[in-house]
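A quick write-up on the structure given underneath.
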Amino acid sequence: MKVVTYNVNGIGARLPNLLRWLGETTPDIVCLQELKAPQEKFPESAIRDAGYGVIWHGQKSWNGVAILARGTDPVEIRRVLPGDPEDSHSRYIEASVRGLIVGCLYLPNGNPAPGPKYDYKLRWLDRFIQHAAQLVSNPSPVILAGDYNVIPTERDVYKPERWVDDALFRVEVREAFTRLIQQGWTDSIRKLHPQATLYTFWDYFRNAYGRDAGLRIDHLLLNPALAGRLVAANVDRGVRGWEKASDHAPTWVELSE
DNA sequence: ATGCCGTGGAAACCACGA
Numbered sequence: 005m006k007v008v009t010y011n012v013n014g015i016g017a018r019l020p021n022l023l024r025w026l027g028e029t030t031p032d033i034v035c036l037q038e039l040k041a042p043q044e045k046f047p048e049s050a051i052r053d054a055g056y057g058v059i060w061h062g063q064k065s066w067n068g069v070a071i072l073a074r075g076t077d078p079v080e081i082r083r084v085l086p087g088d089p090e091d092s093h094s095r096y097i098e099a100s101v102r103g104l105i106v107g108c109l110y111l112p113n114g115n116p117a118p119g120p121k122y123d124y125k126l127r128w129l130d131r132f133i134q135h136a137a138q139l140v141s142n143p144s145p146v147i148l149a150g151d152y153n154v155i156p157t158e159r160d161v162y163k164p165e166r167w168v169d170d171a172l173f174r175v176e177v178r179e180a181f182t183r184l185i186q187q188g189w190t191d192s193i194r195k196l197h198p199q200a201t202l203y204t205f206w207d208y209f210r211n212a213y214g215r216d217a218g219l220r221i222d223h224l225l226l227n228p229a230l231a232g233r234l235v236a237a238n239v240d241r242g243v244r245g246w247e248k249a250s251d252h253a254p255t256w257v258e259l260s261e
């Protein structure tokens with residue numbers, strides 16, 4: 005079973021690429037981020053015609069997350085991250101699919117740092133860590149997949165020295181990610197490729213993809229009940245080279261049944 | 001060192017992203 009996270013950077017602009025990629029790779033479960041579409045403008049029929057059940061939480065212009073499941077309908081558990089009724093951003097959705105609990109997240113970017121956007125990112129991270137603490141010890145298999153907007157270590161960025169003051173790489177953010185992992189989560193890509201240079205995002209400008217000036221910021225975390233089923237993990241980096249590509253590439257795990 | 005590009009929505013530019 006293949007589970008993928010893919011920040012599409014606009015479901016409207018990306019729909020042709022998304023449908024092509026679904027057809028070529030037939031993933032079983034897909035977590036999408038940055039729909040940038042209001043709830044009523046999500047292309048539900050195109051996704052269903054491609055063979056996927058889907059739930060989504062849209063928002064006008066920004067954010068937005070979705071969970072797709074091939075041949076079945078995800079059963080929604082929640083569509084907001086608990087802990088702040090004032091938070092109006094569509095950044096989290098959670099469902100039960102094929103015996104897994106799937107959390108799909110789009111963590112705030114946080115730039116510029118310091119500032120109110122960075123404060124929001126740190127608060128969101130704290131809430132997420134609290135929620136993850138409830139999930140990690142769940143006897144059911146759980147996967148938390150999404151755009152974390154966190155560069156975990158120096159190995160995960162092409163020039164770490166240029167990113168030390170950035171909201172994706174600042175010490176507080178890396179420490180928060182470490183706290184999350186230390187709850188007992190497995191960072192799938194790093195577990196199977198401890199030394200490799202593997203990026204999931206490349207800027208649109210300065211020929212970042214051509215130079216491989218990338219970041220690893222899209223992650224798939226497995227709880228202990230699921231970690232033993234991890235058999236492969238990688239990035240479909242070729243998709244980043246397609247015409248009209250998102251700046252992120254699909255990032256995936258293969259799980260034994 | 002830098003949104004230099006891309007998207008969406010409103011308005012013919014701007015906010016936002018990482």
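Residue numbers (this note's numbering): 5 to 261. No residue lacks a Cβ here, since even glycine has one placed at the ideal position from N, Cα and C.
DSSP places residue 256 within a strand segment (E or B) once states are collapsed to three.
For residue 178, the closest of 188, 67, 8 and 154 by C-alpha to C-alpha distance is 154.
In the DSSP assignment, the residues bridged to residue 100 are 79 and 105. Counting other Cβ atoms within 10 Å of its Cβ, residue 125 reaches 16 or more and is therefore classed as buried. Put simply, of 101, 92, 184 and 199 the residue whose alpha carbon is nearest the alpha carbon of residue 129 is 184. Where residue 17 is concerned, the enclosing alpha helix (DSSP H) starts and stops at 15-29.
Separation of residue 42 and residue 169 (C-alpha to C-alpha, rounded to the nearest whole angstrom) is 33 angstroms. Secondary-structure assignment with DSSP links residue 70 through a beta bridge to 36 and 60.
A straight line joining the alpha-carbon of residue 84 with that of residue 136 spans about 13 angstroms. In the DSSP assignment, residue 149 forms a beta bridge with 108 and 224.
Contact between residue 86 and residue 59 is ruled out by a C-beta separation of about 18 angstroms, above the 8 angstroms threshold. Secondary-structure assignment with DSSP links residue 218 through a beta bridge to 206.
In this structure, DSSP gives residue 122 a helical state, which the three-state scheme calls helix.
Judged by DSSP in its simplified three-state form, residue 139 adopts helix. The residues 259 and 260, in chain order, have a CB closer than 6 angstroms to that of residue 233 in the same chain once the five nearest residues on each side in sequence are set aside.
Just so you know, the alpha carbons of residue 51 and residue 189 end up roughly 31 angstroms apart. With distances taken between CA atoms, residue 104 lies nearest to 143 out of 207, 143 and 63. In terms of Cβ geometry, residue 149 and residue 101 do not form a close pair [threshold 8 angstroms]. Counting C-beta atoms within 10 angstroms of its own C-beta, residue 174 has 16 or more neighbours from the protein chains shown and is therefore classed as buried.
Remark: C-beta atoms of residue 223 and residue 152 approach each other more closely than 8 angstroms.
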